[in-house]
Amino acid sequence: MPQLALTAIGADRPGIVAAVAEVLRDRGGNVEDSAMTILGGQFAIMLLVATDDTAEDLRAALDQAVAPLDLELTVTPVEEGRDSADATHILSVYGTDKPGILAAVARTLADLGINITDLSTRMLPPEDKPVYAMALEISVPDELDDVEVEAALREVDDQVGVDHTLRPLETETY
Numbered sequence: 002m003p004q005l006a007l008t009a010i011g012a013d014r015p016g017i018v019a020a021v022a023e024v025l026r027d028r029g030g031n032v033e034d035s036a037m038t039i040l041g042g043q044f045a046i047m048l049l050v051a052t053d054d055t056a057e058d059l060r061a062a063l064d065q066a067v068a069p070l071d072l073e074l075t076v077t078p079v080e081e082g083r084d085s086a087d088a089t090h091i092l093s094v095y096g097t098d099k100p101g102i103l104a105a106v107a108r109t110l111a112d113l114g115i116n117i118t119d120l121s122t123r124m125l126p127p128e129d130k131p132v133y134a135m136a137l138e139i140s141v142p143d144e145l146d147d148v149e150v151e152a153a154l155r156e157v158d159d160q161v162g163v164d165h166t167l168r169p170l171e172t173e174t175y
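Just so you know, we're using my numbering here: the sequence shown kicks off at 2 and counts up by one.
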């Protein structure tokens with residue numbers, strides 16, 4: 002079944018997920034992957050949906066159903082056969098907050114050919130000197146060893162004043 006990527010963002014309130022999910026259910030769509038979170042009072046949704054709908058038809062149905070919620074929506078076709086690499090490692094980065102931490106880490110990973118498959122950031126107390134914390138799932142190419150990755154990350158640590166931990170992602174099947 003073809004897939005569509007759906008994003009929605011709007012002021013957080015009860016009923017957003019229900020409204021979107023009901024439209025998908027009513028149209029025979031199936032949510033295959035999702036991420037949802039609140040960022041600064043805004044609720045953000047990212048969904049991968051298997052559906053026979055076109056992007057335009059699903060967008061029209063969603064627009065009508067979620068109009069009272071005042072959401073910004075996008076619906077985009079997903080290319081078949083474009084699977085991303087699975088995460089192989091967990092990277093944690095933390096340090097006193099300042100501009101440029103995310104940029105330095107992301108650039109270093111990109112330059113090494115490492116794909117970020119999941120990323121979240123948080124500001125941790127105390128408020129007078131907040132700590133910036135990042136948790137990343139990354140996909141390290143087979144040809145790159147952990148020693149090279151660690152060396153590059155230590156340079157980032159020194160450059161922007163953070164610490165990091167890198168560990169392989171356990172992939173046990175239950």
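Yeah, the Cβ is synthetic: ideal placement off N, Cα and C, and Gly gets one too.
Coil, strand or helix - V106 by DSSP: helix
Exposure of M135, with buried meaning 16 or more beta-carbon neighbours within 10 Å: buried
V21 beta carbon less than 8 Å from that of L59: no
Ordered list of alpha helix (DSSP H) runs contained in the segment 115-168, each at least 4 residues: 147-161
For V79, the first and last residue of its enclosing beta strand (DSSP E): First-last for V79: undefined, no H or E at that position.
Straight-line Cα distance separating D158 from K130: 18 Å
I39 versus V50, L92, A12, residue with shortest Cα-Cα distance: A12
Selection from K99, L113, L145, A9 that minimises the alpha carbon distance to A66: A9
Inter-residue Cα distance where the pair is P142 and G114: 7 Å
Q1 classed as buried or exposed, judged by whether at least 16 other C-beta atoms fall within 10 angstroms: Because residue 1 is not part of the residues shown, which for the chain are 2 to 175, the question remains open.
Status (buried if at least 16 other CB within 10 Å, exposed otherwise) for T55: exposed
Cβ distance (whole Å) where L145 is taken to contact H90 below 8 Å: Contact doesn't hold; Cβ gap of about 10 Å is too wide.
Neighbour-count burial assignment, T52, 16 or more Cβ in a 10 Å radius: buried
Simplified DSSP assignment, three categories, for A12: strand
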